[in-house]
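Residue numbers (the numbering used here), protein chains in the order written: chain A, 1141 to 1428; chain B, 4 to 268.
Set out below in structure tokens:
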């Protein structure tokens, strides 16, 4: 057994110094981390998902109630007038749109608000200081947002059952598009959260970019209602494909081909993920 | 010879203090006008676009008024009341949470002066948002004014009512969660379901009766009457309801401040 004087340590009598027992057999060793830090990734994912679930009144109940309010308003405003949209009865058109809106907005808020909060409170060092690579952080944050968004989406769909009492036409595709949409907006929220220096910035992104984009991408009306120029722009809009794909999953009818929609969504997610990965790796607005 | 500074004489009303409190409340939201004025305007215009694009072909006329002209005043009123409420409630809750509530409790301001100063700040936010939204909407919807007096009365009375409600909520709430819950689960449903988007004649009988004891219904209906000249009730009844409720709420706020409820030990 070897011993060395440890500065700052005191003996039992209160004298400076003291021995620190160090033996090769009992000293703690660094944890061996392989290619992927599984424990770290899982911890990051759970930590942030639990933060969302803990305030479920704001993250789950409020979006579901908002969707119910919208459905009620549209039903009452429509009254006796009949309306079909893209070949669907209006309720069958609207309900998937509202579920998609809840999913997309939660995906964005999940990462965006978490990142701004952690930056302002200084808690972001907990993540930066942990042995996580930039790629692992981008994966952890993105998956957390996607799962949080899917949970909110399920709650919203259940709350809207009185307006459209039918099982989803294609549950697998619905989950796929909901997960992909939540992941996509979660990555957008991550970019926004990294960029924003204060709450004003992130709420400006939400009010002036995210909500207008989602509202005008087919939540409430089919694209043939738009003027020609806007309709052409919408065909390039990945948010539109997510909403359209989820509508196919719930009501069994879509304007675009779900295969095309999936390809556009996957390409967008891949591009956004690379952007997040580079931003986190370069320490953009996180490290001096 | 001493040159002590004589204390300021305060008459029946501390005008300087009242004005300072009002300015503080107004500058608080004007400092972040993109969030407090521009964002509500954009959201309200989006609602107009969404409802017109979705329902415009199926619902052309409501109560004899073209759908967009029916919708526009309701949406403006919705934006006004939500923002008047947000201003006073967030002002009080954040002051309490951060501890700078003492800045308004310590100065020589009476409970009545506190009520008036804070409520007028919230009313101003409602009116600024309302005016901005109205101007934005006028670009897309060709509405005229039927009776300017009604428009102004309801704009002020409704903003004041929600500003007072926001004060009561703000005094009661202990953290931001409480306030968010009141906004999400009480104020937004009332603002959405009280006739902004449809005539209450669409409702089942029971809910039509209930609408007549809902002040949000009177403010939306009366404000709309000012623009379109069409109403679901009699406009003067609405005036009486608004005056009565504003008076009662102002008295409640005054008593809460006087008693120091959740503000003073």
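Beta carbons are placed, not taken as given, at the ideal position from N, Cα and C, and that holds for glycine.
- Candidates 257/B, 245/B, 160/B, 234/B: closest to residue 149/B by CA position: Counting from one through the second chain, the residue named residue 149/B turns up at place 146. Out of 257/B, 245/B, 160/B, 234/B, 234/B has the C-alpha closest to the C-alpha of residue 149/B.
- Message: Strictly under 9 angstroms for the Cβ-Cβ distance: is residue 85/B near chain E by that measure?
- Response: Note that chain E does not occur in the displayed structure, where the protein chains are A and B.
- In its own chain, which residues sit with a C-beta less than 8 angstroms from the C-beta of residue 122/B, not counting the 5 before and 5 after it? Taking the second chain and counting its residues from 1, the one referred to as residue 122/B is at position 119. 91, 163, 166, 167, 170, 253, 256.
- Query: Do we get a CB-CB distance below 9 angstroms when we pair residue 1181/A with the residues of chain B?
  - Reply: One-based indexing of the first chain puts residue 1181/A at position 41. Judged by the 9 angstroms Cβ criterion, residue 1181/A is not in contact with chain B.
- Query: Count the other CB atoms within 10 Å of the CB of residue 30/B; is the residue buried (16 or more) or exposed (fewer)?
  - Reply: The residue you call residue 30/B lines up with position 27 of the second chain. Under this definition residue 30/B is an exposed residue.
- Can you find at least 3 beta carbon pairs, one from the stretch 1251-1270 of chain A and one from the stretch 1393-1400 of chain A, that sit closer than 8 angstroms? no
- Is it true that the stretch 1267-1276 of chain A meets the stretch 1321-1332 of chain A, where meeting means three or more beta-carbon pairs spaced less than 8 angstroms apart? no
- Item | Residue burial classification, residue 83/B (beta-carbon count within 10 angstroms, cutoff 16) | If you number the second chain from 1, residue 83/B lands on position 80. Counting Cβ neighbours within 10 Å, residue 83/B comes out buried, since at least 16 surround it.
- Using a C-beta cutoff of 9 angstroms, does residue 128/B count as contacting chain A? Reading the second chain from its first residue, position 125 is the one you call residue 128/B. Judged by the 9 angstroms Cβ criterion, residue 128/B is not in contact with chain A.
- Message: Suppose only complete runs of 4+ residues qualify. What are the alpha helix (DSSP H) ranges in the stretch 166-194 of chain B, listed by chain order?
- Response: 179-185
- Query: What residues in the stretch 1342-1357 of chain A have a beta carbon less than 9 angstroms from any beta carbon of chain B?
  - Reply: 1343, 1344, 1346, 1347, 1348, 1351, 1352, 1355, 1356
- Is residue 92/B near the ligand SAH, judged by its Cβ being under 8 angstroms from some heavy atom? As presented, the structure is devoid of all ligands, the ligand SAH included, so that no description of it is given.
- Message: Determine, for residue 59/B, whether the minimum Cβ-Cβ distance to residues of chain A falls below 9 angstroms.
- Response: One-based indexing of the second chain puts residue 59/B at position 56. Yes, its Cβ sits closer than 9 angstroms to a Cβ of chain A.
- Report the rounded CA-to-CA distance for residue 174/B versus residue 25/B, giving the unit in angstroms. Numbered from its first residue, the second chain carries residue 174/B at position 171. Numbered from its first residue, the second chain carries residue 25/B at position 22. Answer to the nearest angstrom: the Cα atoms are 18 angstroms apart.
- In angstroms, rounded to a whole number, what distance separates the CA positions of residue 116/B and residue 1354/A? Taking the second chain and counting its residues from 1, the one referred to as residue 116/B is at position 113. Taking the first chain and counting its residues from 1, the one referred to as residue 1354/A is at position 214. If I take the Cα positions, the gap works out to 44 angstroms.
- Message: To be precise: take each residue of the stretch 1212-1223 of chain A, compare its Cβ to all Cβ atoms of chain B, and keep it if any distance is under 8 angstroms. Which residues remain?
- Response: 1212, 1213, 1214, 1216, 1217, 1218, 1219, 1221, 1222, 1223
- Query: With distances taken between CB atoms, is the gap from residue 32/B to residue 39/B smaller than 9 angstroms?
  - Reply: Against the second chain, residue 32/B aligns to sequence position 29. Against the second chain, residue 39/B aligns to sequence position 36. In this structure, residue 39/B lies closer than 9 angstroms to residue 32/B by Cβ.
- Rounded C-beta distance between residue 226/B and residue 154/B? I'm assuming under 8 angstroms. Within the second chain, residue 226/B is the residue found at index 223, counting from 1. Within the second chain, residue 154/B is the residue found at index 151, counting from 1. With a Cβ gap of about 7 angstroms, residue 226/B and residue 154/B count as contacting.
- Kindly say whether residue 1340/A, judged by its beta-carbon, lies nearer than 9 angstroms to any beta-carbon of chain B. The count along the first chain starts at 1 and reaches residue 1340/A at position 200. The beta carbon of residue 1340/A falls within 9 angstroms of a beta carbon belonging to chain B, placing the residue at that interface.
- Please list the residues of the stretch 1246-1273 of chain A that have a C-beta atom closer than 7 angstroms to any C-beta atom in chain B, keeping them in chain order. none
- Spatial distance of residue 1184/A from residue 1190/A (CA atoms): Indexing the first chain from 1 puts residue 1184/A at position 44. Indexing the first chain from 1 puts residue 1190/A at position 50. Roughly 10 angstroms between the two C-alpha positions.
- Task: Indicate whether at least one CB of chain A lies closer than 9 angstroms to the CB of residue 56/B.
- Result: Translated into positions along the second chain, residue 56/B becomes position 53. Answer yes: the Cβ-Cβ gap between residue 56/B and chain A drops below 9 angstroms somewhere.
- Query: Of all the CB atoms in chain A, is at least one closer than 9 angstroms to the CB of residue 224/B?
  - Reply: Position 221 of the second chain, counted from the start, is the residue given in the question as residue 224/B. No, because no Cβ of chain A sits closer than 9 angstroms to the Cβ of residue 224/B.
- Classify residue 1225/A as helix, strand or coil using the three-state DSSP reduction. Counting from one through the first chain, the residue named residue 1225/A turns up at place 85. The answer is strand: DSSP assigns residue 1225/A an E or B state.
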